[in-house]
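*Asks:* Before I ask anything, here is the structure I am working with.
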Amino acid sequence: MSHQHAGTGGTSDAGAGRLPEGYAPTDLAPDDLRAVLELDSTVFPSALEVDEILDRPLSLTWSRVRGVVHERPDPAAEPADGAVPVLRELVALRASYPFSRFPVPGGTAPVAGLTWVAVHPGHRRRGLLTAMVDEHLARCRERGEPLSALFAAEAAIYGRFGYGRAADDLRLTIPRGAALRDVPGAERHTVRIERADRARHAELVARLHERAGADPTGLGTVNRPGWATRETPELQAVLWDDAKVFRKDREPTRIAIVELDGEPRGYARFHRTLSWEPSGPRGPVRTGEVVALDAAAARALWGVLTDLDLTHEVVPFVLPVDDVVTHLLVDPRSASPRVADNLWVRVVDVAGALAARRYASDVDVVVHLTDDRLADNAGHWRVRADAFGPAQAARTDDAADLSLDVRELGAAYLGGVTLAELAAAGLVAEHTPGALARTSAAFSWPVAPVCSWVF
């Protein structure tokens, strides 16, 4: 594996100094692929052998991949010139995706998508994760990324690093033939189903996905925060990799494209698994993103997905909690709805993050913020903005109207969690009467935040 160490000093090694003796930070490169996959499969158990996936596309941007190596004497090697040979093993890993135009309420911001976080089970409880996250936050600042976001494999981990649960998603199991309400114009749409193919469909999918996030209501008024696009070639390659090694007993991925007068208005990537039971054929339709540009297109698309032959249910992977299908279903209880945590957000640069987004009503508030990991985030900040207009955020000596921790600021940042509900849980304090209600309304957003894919 590569052993080029980052030892230039400054903020780039923030947190690395807290690694215990015998551990060192290291940059990782494509030559380290096997070690990376071996560590990942040790931390996240997989039925696949590393050799089966070595040649498959990988989502990593290698310039943003960092590891921790453990150094110890190599008992199998002969000493040379009196020196004891050292065995170096990759025992921890983290990476990030470069989201240069991550959707925030009313705009976009550069965001680091923290991912591939892993610590070898034999090296836990030694501060490796803390060191990696601290270094990650320092590098976010170096790159001018005021926010970091992630999906948490375990929900209890990242709150202590200042990440707040900022978005939820909806999980459904929709019975085949579920009754759907009519939408005027839906009958004018057609749906074609094809084998999903990158050469044929990648541009269409990328275009429709971005349009749906920019205008989810079809009214041209608000965007959907958190609706990240797959910006890098590596992420695109992984999306379209449908190798048989990953499919097990399911069919190759297919795509349903809904059109109006020949113009694509939405899509769903899906696959089926067929099982012959004594009562007849059964099998789930499992979808990735189900994307439509308006209600009529959505009705046409869901009408096809819920009526495919030889199936008994549709299981969408990730949906916004306000997805139109929740209102189209005549009997929403039949879909067994449940909510899961989606994006977690960490504010890295307070001024940059608060000025990047828009606010749903006029706001002029002074917030007292605490931040145990990034001390210069702490203090009093004044946020000013007209409804849906440009915002300003700056330090102030004025008395605080509200007090909260950076974790709660991250939770409320995308507009899906209100400051009022956090205050009801004792996590936000009001010092000026009426400030909480006004600020909670301003930080909210008309459309629920969500990321439509897990990174």
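Note that the numbering used here gives residue 630 to position 243 of the sequence shown, counting from 1, and the numbers run on in steps of one.
We put the beta carbon where it would ideally sit given N, CA and C, even for glycine.
Remember, predicted model here, so these are calculated numbers, not experimental data.
1) Please report the distance separating the alpha-carbon of leucine 647 from that of alanine 679.
2) Once the 5 residues before and after threonine 660 are set aside, which same chain residues still bring their CB inside 8 angstroms of it?
3) Based on Cα-Cα distance, which residue from His755, Glu817 and Gly493 lies nearest to valine 609?
4) Can you tell which of Asp414, Arg475 and Glu597 has its C-alpha closest to the C-alpha of serine 450?
5) Identify the continuous beta strand (DSSP E) that holds aspartate 438 and give its terminal residues.
6) Going by the CB atoms, is the gap between aspartate 681 and alanine 542 shorter than 8 angstroms?
7) Does the beta-carbon distance from alanine 583 to arginine 488 come in below 8 angstroms?
8) Just confirm the distance between the C-beta atoms of alanine 518 and alanine 683, as a whole number of angstroms; I'd bet it's less than 8 angstroms.
9) If you follow the alpha helix (DSSP H) that threonine 577 is in, where does it begin and where does it stop?
10) Could you give the DSSP three-state label for histidine 510: helix, strand or coil?
11) Bridge partners for valine 750 per DSSP, in chain order?
12) Could you name the residues that DSSP lists as bridge partners for arginine 720?
13) Alpha carbon to alpha carbon, how far is methionine 388 from leucine 806?
14) Terminal residues of the continuous beta strand (DSSP E) containing phenylalanine 486?
15) Express the C-alpha separation of serine 483 and threonine 429 in angstroms, rounding to a whole number.
16) Evaluate contact between the stretch 437-457 and the stretch 416-429, counting only Cβ atoms and requiring at least three cross-stretch pairs below 8 angstroms.
17) Is the beta carbon of valine 491 closer than 8 angstroms to that of arginine 744?
18) Quick one: give me the first and last residue of the beta strand (DSSP E) that leucine 647 is part of.
19) Are the beta-carbon atoms belonging to valine 708 and leucine 557 less than 8 angstroms from one another?
20) Buried or exposed: histidine 576, going by 16 or more other Cβ atoms within 10 Å of its Cβ?
21) Straight-line CA distance for valine 834 to leucine 537?
22) Ends of the alpha helix (DSSP H) at phenylalanine 633?
23) Quick one: measure Cβ to Cβ for leucine 706 and leucine 567, integer angstroms, because I've assumed they're closer than 8 angstroms.
24) Take glycine 802 as the anchor and find which of Ala829, Gln779 and Pro444 has the nearest alpha-carbon.
25) Put valine 834 into one of helix, strand or coil per three-state DSSP.
26) Within the continuous beta strand (DSSP E) that includes serine 535, where are the two ends?
27) Between the Cα of arginine 511 and those of Val478, Arg594 and Val437, spot the shortest distance and give me the residue it belongs to.
28) In angstroms with no decimal places, state the Cα-to-Cα distance between alanine 824 and alanine 499.
29) Would you kindly work out how many angstroms separate the C-alpha atoms of proline 651 and aspartate 694, rounded to a whole number?
30) Report all residues from its chain with a CB closer than 8 angstroms to the CB of proline 460; omit the five preceding and five following residues, and keep chain order.
31) Is the stretch 730-749 touching the stretch 583-594, taking contact as three or more C-beta pairs under 8 angstroms?
32) Taking the CB atoms as reference points, tell me whether isoleucine 642 and glutamate 581 lie closer together than 8 angstroms.
33) So, does the stretch 734-742 touch the stretch 758-771, judging by three or more C-beta pairs under 8 angstroms?
34) Can you name, in chain order, every residue of its own chain whose Cβ lies under 6 angstroms from the Cβ of arginine 794, other than the five neighbours on each side?
*Replies:* This is what the structure gives:
1) 12 angstroms
2) Asp636, Arg637, Glu638, Gly670, Pro671 and Arg673
3) Gly493
4) Asp414
5) No beta strand (DSSP E) contains aspartate 438, which is instead part of the alpha helix (DSSP H) from 437-440.
6) no
7) no
8) No, alanine 518 and alanine 683 are not in contact; Cβ-Cβ is about 52 angstroms, not under 8 angstroms.
9) From DSSP, threonine 577 is part of no alpha helix (DSSP H) but of the beta strand (DSSP E) over 576-582.
10) helix
11) Ala772
12) Arginine 720 is not bridged to any residue.
13) Note that methionine 388 has pLDDT 41, beneath the 50 cutoff, so the model's placement of it is unreliable and no number is given.
14) 473-491
15) 20 angstroms
16) Flag = yes, the stretch 437-457 and the stretch 416-429 touch.
17) yes
18) 641-647
19) yes
20) buried
21) 20 angstroms
22) 631-634
23) Leucine 706 to leucine 567, Cβ: 15 angstroms. No contact.
24) Ranking Ala829, Gln779 and Pro444 by Cα distance to glycine 802 puts Ala829 first.
25) In this structure, valine 834 counts as coil in the three-state DSSP scheme.
26) Residue range 534-537 is occupied by the beta strand (DSSP E) that includes serine 535.
27) Val478
28) 31 angstroms
29) 21 angstroms
30) Val471, Pro472, Val473 and Leu474
31) Remark: fewer than three beta-carbon pairs, one from each stretch, lie closer than 8 angstroms, so the stretch 730-749 and the stretch 583-594 are not flagged as touching.
32) Taking 8 angstroms as the cut-off, the beta carbon of isoleucine 642 is found closer than this to the beta carbon of glutamate 581.
33) yes
34) Contacts found: Gly546, Gly549 and Gly551.
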